[in-house]
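Undergrad: Heads up, the sequence shown is in the numbering used here, so the first residue is 959 and it goes up one at a time. By construction, the Cβ of each residue, glycine as well, lies at the ideal position given by its N, Cα and C atoms.
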Amino acid sequence: MGEPKKWTRAKVPKVRSGCITCKIRHLKCDERKPHCQRCENDGRVCDGYQLTLTRRPRKQTTPRHNDQTPFHRIPNAGHPQLLPSLANDISTVPTEVDLFHHVRTCTFEDLASSLGPINFWFTYALPLAHVMEPIKYAICALGGAHKYFKSQHLRTSMQSIHPYEKLSVRQYNQAIHHVKSLMQTPSKENMEVIIICCIIFICIENLHGRYAESLRHLRAGSALLRQLHDQRSTETNEKAPINMSRFFEDLSGLFSRLGQDVSLYAGDDITPDFNIPPADTAICHPPIPFTSTAAAERSLHAVERMYDAARRLSEQEPCCTGSGASCHDHVTELESNKLQWECPLVPYFHHWSLRFDLYKEQLEHQKVLKEEIRRMRMLSIDQALWKCFLRLEDIDDEFSLGNCDEIVQRAESIVYSGFFGVVPVFTFDARLIPAITMVCVSCADVDIHWRCIRLLRSIWRREGIWDSQEMANILEAMVIAREKDLVPWEKIPWRISHLVKMLSSFHQTKPRISSGHLSLADID
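In structure tokens form, the structure reads like this:
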């Protein structure tokens, strides 16, 4: 009798078409689209599926004759050199690989939905994460915080989302540890790494809802950037200012945007004045349309920075206490500077608005991507808000009902048109949420209040410290306080930090306010 045949596994190729999360976990994926059922059942965030690119067959072409003029590729001087390939993972630890991959695929998809530029992540954060330990750990902590944010708002069980929070905290602590070691040797390169980490830390704290900690990183990072720039400007090395100017320009723009978002919330200057001359504000006759929404956003941001500079200058007081010609000359110079900044502000915005209207007219006759239409409508809300604001005689005046209705209609056109899905989204800077909130606290009409609250309730979106659901709770508490005669409308402040502080004093409305906003109001 022969020996029994040895059992062997069937020779079939492995299936490699599962989702990214199941591949990392070495589990069988059911391949449901867009998110697999197994990840949902296990309380995991499904990172989707990798795109499989098939190589198209090369067409047969006739050979070129020898006497034909050879083709030479002309390098494009307008684009920077390509960055090193980022395909390789930055770590051999599976957990860190998973977090880093989540940032590159999911987190950056959210960040790209904001109107502001995202070149910081591809120019500084990602490349340096491959060579600098603190940035690597900060990026991994960002991935854990983003997974925690997504899972929390998808109402996943706390038992399932708690590991994401622990992962983020562990990587965050590692980044802080390495940052502290860099501070022991404050070289130019180390200071730049710390400033980059500050930007990432701000995003991490905002994702966790710790807005007071985010504000501390914002103040520390912007002050460090200003200090580093002042130190470098006094050096005699000719090469250093060239490298520093690009870094300072990019990072100061980020801190400026974040500072404007927080200033709109608190009503005070958060970041120092970087003394950067406004750019992209030249008035041309006749006005020409913008080439893209990105160009329009950059130009509007330049106008906003011009406004900030004018406001800072108008709030300054003469530093001299004596009398005489010197003091008079100082006041005269200050007043002339005020006129220099404030007088052109309205024409600059109106010129921007004309160029933006021309661009919108162009889009009506072109086939454009849905994303470009969404960005255009987002900028239209900013346009209407600025027009309303510039009509005010005083910053504490109310918005007119007609202006508020126009802004709310523009917000409704983008929110109710399906541009935002049901999945929570986190963006770097704030646009839509503060615009809706500012209209609600600056108009006494109750119908406007509830339209704004319904708008915020219908989306899951966190723009920096501006969370749609948390803002809806604050505004609803404001309406309740007004209905119960806890506070008259005339006493309701437009500054959200002051409003939160007022509402927290009433036991009927305090439970509606998140701990993150309560802590932010305490340090205001």
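I think M1264 touches L1327, with their Cβ atoms under 8 angstroms apart; what is that distance to the nearest whole Å?
TA: Not quite, the Cβ-Cβ distance comes to about 31 angstroms (not below 8 angstroms), so this is no contact.
Undergrad: Straight-line CA distance for F1080 to L1433?
TA: 37 angstroms
Undergrad: Would you call A1099 buried or exposed, if buried means 16 or more other Cβ atoms sit within 10 Å of its Cβ?
TA: buried
Undergrad: Taking DSSP's pairing of strands, which residues face V1484 in a bridge?
TA: Because residue 1484 is not part of the residues shown, which for the chain are 959 to 1482, the question remains open.
Undergrad: Decide yes or no for the touch test of the stretch 1416 to 1436 against the stretch 1461 to 1474: beta carbon pairs closer than 8 angstroms, at least 3 of them.
TA: Between the stretch 1416 to 1436 and the stretch 1461 to 1474, the count of C-beta pairs closer than 8 angstroms reaches three or more; the two stretches touch.
Undergrad: Take the Cβ of W1447 as the centre, count every other Cβ of all protein chains shown within 10 Å, and call the residue buried at 16 or more, exposed below.
TA: exposed
Undergrad: Start and end of the alpha helix (DSSP H) containing V1304?
TA: It spans L1303 to E1322 - the alpha helix (DSSP H) in which V1304 sits, taken as one unbroken run.
Undergrad: By Cβ distance, which residues of its chain are closer than 8 angstroms to P1392, with the 5 residues on each side in sequence left out?
TA: The beta carbon of P1392 lies closer than 8 angstroms to those of D1219, L1222, Y1223, E1421 and W1424 in the same chain, with the five residues before and after it left out.
Undergrad: Excluding the 5 residues flanking A1083 on each side, which residues of the same chain have their C-beta closer than 7 angstroms to its C-beta?
TA: I1093, I1097, I1154 and I1158
Undergrad: Let me make sure I understand the geometry here. Which of S1463, F1248, L1212 and R1168 has the alpha-carbon closest to that of S1473?
TA: R1168
Undergrad: Count the other CB atoms within 10 Å of the CB of C1242; is the residue buried (16 or more) or exposed (fewer)?
TA: exposed
Undergrad: Under the DSSP definition of a beta bridge, which residues are partnered with D1425?
TA: Looking at the DSSP assignment, D1425 forms a beta bridge with R1420.
Undergrad: What runs of the alpha helix (DSSP H), each 4 residues or longer, lie entirely inside the stretch 1128 to 1174?
TA: Counting whole runs of 4 or more residues, the stretch 1128 to 1174 contains the alpha helix (DSSP H) stretches 1146 to 1166.
Undergrad: Out of A1181, S1145, S1109 and L1183, state which residue places its alpha-carbon closest to the alpha-carbon of L1165.
TA: S1109
Undergrad: Is it the case that the Cβ atoms of L1478 and L1173 are separated by a distance below 8 angstroms?
TA: yes
Undergrad: Just how far apart, CA to CA, sit I1134 and E1171?
TA: 13 angstroms
Undergrad: Does the ligand HEM have even one heavy atom less than 7 angstroms from the beta-carbon of A1170?
TA: The ligand HEM is not among the ligands present in this structure, which contains no ligands whatsoever.
Undergrad: Measuring straight from C-alpha to C-alpha, what distance separates S1462 and S1250?
TA: Distance from the CA atom of S1462 to the CA atom of S1250, rounded to whole angstroms, is 43 angstroms.
Undergrad: What distance in whole Å lies between the Cβ atoms of R1419 and L1073, which are believed to be in contact at a cut-off of 8 angstroms?
TA: Not really, about 13 angstroms apart at Cβ, beyond 8 angstroms.
Undergrad: Of the residues E1255, E1123, N1131 and Q1185, which one's Cα is nearest the Cα of K1146?
TA: Q1185
Undergrad: For C1346, which option in D1363, M1090, E1330 and I1331 has the closest C-alpha, if you only look at C-alpha atoms?
TA: D1363
Undergrad: Within 10 Å of its beta-carbon, does P1244 have 16 or more other beta-carbons around it, so buried, or fewer, so exposed?
TA: exposed
Undergrad: Ignore the nearest five residues each way along the sequence and tell me which others in D1398's own chain have a CB closer than 6 angstroms to its CB.
TA: Per the sequence shown, the amino acid found at residue 1398 is Cys instead of Asp. Counting only Cβ-Cβ distances below 6 angstroms, and skipping sequence neighbours, we find H1407, C1410 and L1433.
Undergrad: For P1392, report the span of its alpha helix (DSSP H) as first-last.
TA: L1390 to V1399
Undergrad: Quick test of your reading: L1476 and V1458, contact by CB under 8 angstroms. State the CB separation rounded to the nearest angstrom.
TA: 7 angstroms
Undergrad: Which residue wins for smallest C-alpha separation from E1356, given the options E1329, W1452 and I1339?
TA: W1452
Undergrad: Please classify V1051 as buried or exposed, where buried requires at least 16 other C-beta atoms within 10 Å of its C-beta.
TA: Answer is exposed; the Cβ neighbour count stays below 16.
Undergrad: Using a 10 Å radius around the Cβ and a threshold of 16 neighbouring Cβ atoms, would you call Q1320 buried or exposed?
TA: Exposed, by the Cβ-count rule.
Undergrad: For the alpha helix (DSSP H) that contains V1373, what are its first and last residues?
TA: Residues L1359 to V1373.
Undergrad: So the alpha helix (DSSP H) G1474 belongs to, where does it begin and stop?
TA: Note, G1474: alpha helix (DSSP H), S1473 to D1480.
Undergrad: Given a cut-off of 8 angstroms, decide if H1104 and H1060 are closer than it, judged by their beta-carbon atoms.
TA: Remark: C-beta atoms of H1060 and H1104 approach each other more closely than 8 angstroms.
Undergrad: Assign S1071 to buried or exposed, taking buried as 16 or more other Cβ atoms, counted over all protein chains shown, within 10 Å of its Cβ.
TA: buried
Undergrad: Quick one: using the 10 Å Cβ neighbour count with 16 as the cut-off for buried, is E1067 buried or exposed?
TA: exposed
Undergrad: List the endpoints of the continuous alpha helix (DSSP H) containing F1058.
TA: P1052 to H1060
Undergrad: Thinking just about the alpha-carbon of each residue, which of P1121, D1005 and F1314 is nearest to the one in I978?
TA: D1005
Undergrad: Short of 7 angstroms in beta carbon distance, which residues of its chain neighbour G1102, apart from the five on each side in sequence? Order them along the chain.
TA: L1057, Y1122, L1125, S1126 and Q1129
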